[in-house]
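Chemist:
Protein chains in written order, with the numbering used here: chain A, 32 to 107; chain B, 7 to 185.
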C-alpha cells in the first residue's frame, strides 16, 4: 500500500506530472506515491520523469483504462 | 550499529546510483495566442517539475502573457492545420470566414471548451504553476516600451531585461528554445 495516493484521472499532459511532483514533496524519503491517471501519454512521461529526477518507478500497470504508477521517493 | 541506522543505510543503498546532473533550460516566448501560449508554459512547468532551473523571456507578442488578466484568443486565419474534431470528423475553417466578426471569438471559445473537456490545463493555471515552481520570468523592456505596458499591468514576479540579459542566461543553459 502506498503512503500517498494522487488521483490524476481526467487530467491531461502535463498536469499528472506537475501534480505528482507536488505530491512527492509531501512523501518522506523512501516513501511511496501511487498515481492514478487516464492519460495514455503518462506511461512514457512518468518513466522519463523518474529517470530524470532520480526517483524510482517501482511499478506501473493499466486496468480498465486507468493507469497506475507507484513511485518511490528516492531523489534528494 | 543501531537498527535505526541500519534502516537509514538500506534506504540510501536502494537509491538509484546518482541523481542525474542538473540541467537548465531557457526559452524565448514570442507568441501570445491561445494555442501558441501552451508550448512554453507546458515545457517550463514540466522542466521545473523535473528539477531544471527554467527562465522564460517574454518578448513581442509573448509579452502580454504576463498581463494580470489574460483574454487569450486564436484565429484559424492562415492556419490550414487547425482542424477541430466535430461530430466524428475534423473541420477546418476557410480563411475568408475568419474575417467575419465573431468567428475568431467563437473558435477561441470552442477551443477553450474542448481543452476543458479533455482535462487540459488553462494558461492561467499553468502560469500560476510556473510561478509556484520558481520559474524565472523576464519581461522584455523594449517590448514594454513599444506596446506601452508598465510593470503595474503585469502579474507579480517578472523582472525587466533585454537581449543581453537573455543571452547571458542562454550561455548558462543547457536547453534554449525559441517559441
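Even for Gly, the Cβ is constructed at its ideal location relative to N, Cα and C.
Report the residues of the stretch 119-143 of chain B with a CB closer than 7 angstroms to any CB of chain A, ordered along the chain.
Modeler: 124, 125, 126, 127, 135
Chemist: Along chain A, which residues have their Cβ under 8 angstroms away from the Cβ of residue 48 of chain B?
Modeler: Close to residue 48 of chain B, with beta-carbon spacing below 8 angstroms, are these residues of chain A in chain order: 44, 45.
Chemist: With DSSP collapsed to three states, give me the class of residue 73 of chain A.
Modeler: helix
Chemist: Might you give, ordered along the chain, the residues of its own chain that have their beta carbon closer than 7 angstroms to the beta carbon of residue 43 of chain A, omitting 5 neighbours on each side?
Modeler: 70
Chemist: Look at the alpha carbon of residue 68 of chain B and the alpha carbon of residue 151 of chain B, and state the distance between them as a whole number of angstroms.
Modeler: A straight line joining the alpha-carbon of residue 68 of chain B with that of residue 151 of chain B spans about 14 angstroms.
Chemist: Between which residues of its own chain and residue 147 of chain B is the CB-CB distance below 6 angstroms, once the five residues before and five after are set aside?
Modeler: Same-chain partners within the cutoff: 166, 168.
Chemist: Could you check where the alpha helix (DSSP H) with residue 39 of chain B kicks off and where it finishes?
Modeler: Taken as a continuous stretch (DSSP letters only), residue 39 of chain B belongs to no alpha helix (DSSP H), as it is neither H nor E.
Chemist: In whole angstroms, give me the CA-to-CA distance for residue 37 of chain A and residue 115 of chain B.
Modeler: Computed Cα separation, rounded: 30 angstroms.
Chemist: Within the continuous alpha helix (DSSP H) that includes residue 113 of chain B, where are the two ends?
Modeler: 109-123
Chemist: Chain B partners of residue 100 of chain A, CB-CB under 8 angstroms?
Modeler: Scanning chain B for C-beta atoms nearer than 8 angstroms to the C-beta of residue 100 of chain A yields nothing, as the closest lies near 15 angstroms away.
Chemist: Could you give the C-beta distance for residue 50 of chain B and residue 136 of chain B, rounded to a whole number, given that I count them as a contact under 8 angstroms?
Modeler: 5 angstroms
Chemist: Pull the bridge partners of residue 94 of chain A from the DSSP assignment, please.
Modeler: A/97
Chemist: CA-CA distance, residue 57 of chain A and residue 47 of chain A?
Modeler: Straight across, the Cα-Cα distance linking residue 57 of chain A with residue 47 of chain A is about 16 angstroms.
Chemist: With DSSP as the reference, label residue 93 of chain B as helix, strand or coil.
Modeler: coil
Chemist: Counting pairs of Cβ atoms below 8 angstroms between the stretch 88-98 of chain B and the stretch 56-76 of chain B, do you hit three or more?
Modeler: no
Chemist: Closest by CA to residue 66 of chain B, which one among B/80, B/179, B/145?
Modeler: B/145
Chemist: What residues are listed by DSSP as bridge partners for residue 173 of chain B?
Modeler: The partner list for residue 173 of chain B (beta bridge, DSSP) is empty, contrary to what the question assumes.
Chemist: Buried or exposed: where does residue 32 of chain B fall if 16 or more other Cβ atoms within 10 Å of its Cβ makes it buried?
Modeler: buried
Chemist: In whole angstroms, what separates the C-alpha of residue 84 of chain B from that of residue 105 of chain B?
Modeler: 11 angstroms
Chemist: DSSP three-state label for residue 78 of chain B, please.
Modeler: coil
Chemist: Going by DSSP, name the residue or residues bridged to residue 143 of chain B.
Modeler: B/62
Chemist: Taking contact to mean 3 or more Cβ pairs, one atom from each stretch, closer than 8 angstroms, check whether the stretch 95-104 of chain A and the stretch 62-80 of chain A are in contact.
Modeler: With the cut-off at 8 angstroms, the stretch 95-104 of chain A and the stretch 62-80 of chain A touch.
Chemist: Excluding sequence positions up to five away, which residues of its chain have a Cβ less than 8 angstroms from the Cβ of residue 45 of chain A?
Modeler: 76
Chemist: Near residue 73 of chain B, what residues of its chain come up, given a Cβ to Cβ distance below 8 angstroms and the 5 sequence neighbours on each side ignored?
Modeler: 155, 159, 160, 161
Chemist: How big is the Cα-Cα spacing for residue 42 of chain B and residue 57 of chain B?
Modeler: 24 angstroms
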